[in-house]
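Trainee:
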Amino acid sequence: MTKAPFSGKGGRASDLLGLIHSDVCGPMNTQARGGYQYFITFTDDFSRYGYIYLMRHKSEALEKFKEFKNEVQNKHGKSIKALRSDRGGEYLSQNFDELLKECGIVSQLTPPGTPQWNEVSERRNRTLLDMVRSMMSHTDLPTSFWGYALETATFTLNLVPSKSVQNTPHEMWNGKRPNMSFMKIWGCKAYVKHQMSTKLEPKSEKCTFVGYPKETKGYYFYNENKVFVARTGVFLEKEFLTNSGKSRNIELKEVQQQQNIEPEVEGISQAVEENPTDLETQPLRRSSRERHEPERYGFLVTTHGDVILVDQDEPKTYEEAVASPDSEKWLGAMRSEMDSMSDNQVWTLVEPPEGIKPIGCKWVFKKKTDMDGNVQTYKGRLVAKGFRQIHGIDYDETFSPVAMFKSIRILLAIAAFHDYEIWQMDVKTAFLNGKLEEDVYMTQPEGFVTPENAEKVCKLQRSIYGLKQASRSWNLRFDEAIQEFGFIRN
Numbered sequence: 150m151t152k153a154p155f156s157g158k159g160g161r162a163s164d165l166l167g168l169i170h171s172d173v174c175g176p177m178n179t180q181a182r183g184g185y186q187y188f189i190t191f192t193d194d195f196s197r198y199g200y201i202y203l204m205r206h207k208s209e210a211l212e213k214f215k216e217f218k219n220e221v222q223n224k225h226g227k228s229i230k231a232l233r234s235d236r237g238g239e240y241l242s243q244n245f246d247e248l249l250k251e252c253g254i255v256s257q258l259t260p261p262g263t264p265q266w267n268e269v270s271e272r273r274n275r276t277l278l279d280m281v282r283s284m285m286s287h288t289d290l291p292t293s294f295w296g297y298a299l300e301t302a303t304f305t306l307n308l309v310p311s312k313s314v315q316n317t318p319h320e321m322w323n324g325k326r327p328n329m330s331f332m333k334i335w336g337c338k339a340y341v342k343h344q345m346s347t348k349l350e351p352k353s354e355k356c357t358f359v360g361y362p363k364e365t366k367g368y369y370f371y372n373e374n375k376v377f378v379a380r381t382g383v384f385l386e387k388e389f390l391t392n393s394g395k396s397r398n399i400e401l402k403e404v405q406q407q408q409n410i411e412p413e414v415e416g417i418s419q420a421v422e423e424n425p426t427d428l429e430t431q432p433l434r435r436s437s438r439e440r441h442e443p444e445r446y447g448f449l450v451t452t453h454g455d456v457i458l459v460d461q462d463e464p465k466t467y468e469e470a471v472a473s474p475d476s477e478k479w480l481g482a483m484r485s486e487m488d489s490m491s492d493n494q495v496w497t498l499v500e501p502p503e504g505i506k507p508i509g510c511k512w513v514f515k516k517k518t519d520m521d522g523n524v525q526t527y528k529g530r531l532v533a534k535g536f537r538q539i540h541g542i543d544y545d546e547t548f549s550p551v552a553m554f555k556s557i558r559i560l561l562a563i564a565a566f567h568d569y570e571i572w573q574m575d576v577k578t579a580f581l582n583g584k585l586e587e588d589v590y591m592t593q594p595e596g597f598v599t600p601e602n603a604e605k606v607c608k609l610q611r612s613i614y615g616l617k618q619a620s621r622s623w624n625l626r627f628d629e630a631i632q633e634f635g636f637i638r639n
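Going by the working numbering, the sequence shown opens with residue 150, and the numbers climb by one from there.
(1) According to DSSP, simplified to helix, strand and coil, what is Thr263?
(2) Tell me the rounded alpha-carbon separation between Glu209 and Glu216.
(3) Measuring straight from C-alpha to C-alpha, what distance separates Ala562 and Phe554?
(4) What are the boundary residues of the alpha helix (DSSP H) that includes Glu629?
(5) Given a threshold of 16 other Cβ atoms within 10 Å of its Cβ, counted over all protein chains shown, does Asp521 qualify as buried or as exposed?
(6) Note down the Cα distance separating Lys325 from Ile399, rounded to an integer number of angstroms.
(7) With a cut-off of 8 Å, does the C-beta of Trp322 fall near any C-beta of chain B?
(8) Could you tell me which uninterrupted alpha helix (DSSP H) segments, each at least 4 residues in length, are contained entirely in the segment 544 to 628, listed from first to last along the chain?
(9) Return the bridge partner residues of Asp172 from the DSSP annotation.
(10) By Cβ distance below 6 Å, which residues in the same chain neighbour Ser91 in space, the five residues on each side in sequence not counted?
(11) Taking the alpha-carbon positions, what's the Met345 to Cys252 distance?
(12) Given a cut-off of 8 Å, decide if Ile254 and Lys230 are closer than it, judged by their beta-carbon atoms.
(13) Measuring alpha carbon to alpha carbon, tell me which of Phe191, Lys338, Met483 ends up nearest Asn274.
(14) Please tell me whether Asp194 and Val309 are closer than 8 Å, where the distance is taken between their beta carbons.
(15) Would Phe358 be called buried (16 or more neighbouring beta carbons within 10 Å of its own) or exposed?
(16) Please work out which residues of its chain come closer than 7 Å, Cβ to Cβ, to Arg182, disregarding the five sequence neighbours upstream and downstream, and give them in chain order.
(17) Among the residues of its own chain, which have a CB less than 6 Å from the CB of Pro291, if the five just before and after it don't count?
(18) To the nearest angstrom, how far is the alpha carbon of Ser163 from that of Val341?
(19) Reducing DSSP to helix, strand and coil, say where Met520 ends up.
(20) Just to confirm, is the Cβ distance from Leu581 to Val513 under 8 Å?
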């Protein structure tokens, strides 16, 4: 059989909210700021005016539709008549179906494998992502800013003419022509005036324009630390256009989730066709493979009457370390780590703030060996349980630049050609040099709790291994220090 031609898509809606096209796109291969991986679009068929909402999970589609429905119906005093979507699971849930029936909204689901009948949403997704890649390719912003670029692209599409409608979507949606004078080139640099500054401090800072806030008349700006809202700024658009010839490739795409297809087992397919109920009545066959516990290498010790299996190679916990034959060496490694913490003034002991639950910490042990396998060093590293941190409360940015292998190869090739000397350096307890800007509280390390201050917690002043922002804090500190010696970043 051949695929039948697509025809009979239906006519256009004759009024606002007569038909809404919707689709969920994602997950994207890169998370946007805030942990967003998906986005959902709602496009009015009559005006082609579009809304977009960023989502962390697909399950948020119902809540976003409620938010969209309440806003547009309150704005126009009309009700949504029909919602057209593909057969995605987020649109087929019982809660979604009950909401549509309760509100009298007709659900128009396209048949499986027919994106051509959901062409408005599919084309909108493609146009938006193409715009985002183009916008970001001319900036030096991280790829995680695609969320801001996506919202700006949607905002722009609503203001510009479309082949599908006579006027702009904004004019048909709001009943008045849009004012384009406030539009700026996305990603350009801008000087933003400080709210408060002393006489000797600079009165403005150089930032990057990243979008238009929906709730406020103004602009979104980004500097090295945060995204903030300001009323206006001095935009360096001419400088941006002069350098717009330089672009980079943006790898932003939707991750295609493969469906797991079970392999056909010989004899099963034929049995199901002859008698589909046989499989339900037959008992499950247990595997006859002999099961046995894996071989373990270690020894048993008893502490306080409890039996503990201690790994002779590398202990996994503090109790195993102090109970192993190399306990003195492991204790020496932990004391050395605590001395580094003290020398770098990593934390101060404070009373636990009300309502703040400190994150935990643990010891990680490692034997450093030489090329012959002989143990050279016993290493004990104190690591914070950063997985308990909450984004926006005790950490914000986490990214830090890394070297590309091709750059290292080029450097080695140049050095070999000119017979240069290459020096490699290492920084002991590197992360402890990074300075924390957020307030992060941690429990005292096991085995080193101060008796007179047992109830207190550690307020971290420096980044510590395991924190979400540790690598970024270290990189900023290293970049600042190395440039003081006159080096230029490649």
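We put the beta carbon where it would ideally sit given N, CA and C, even for glycine.
Since the model is a prediction, treat every value here as computed from it, not as a measurement.
Mentor: Taking the structure as given:
(1) coil
(2) 11 Å
(3) 12 Å
(4) 619 to 632
(5) exposed
(6) 36 Å
(7) No chain B is part of this structure, which consists of one protein chain only.
(8) 554 to 567
(9) Thr190
(10) With the chain covering 150 to 639 only, the question about residue 91 has no answer from this structure.
(11) 50 Å
(12) yes
(13) Phe191
(14) no
(15) buried
(16) Ser293, Phe294, Gly296
(17) Phe548
(18) 45 Å
(19) coil
(20) no
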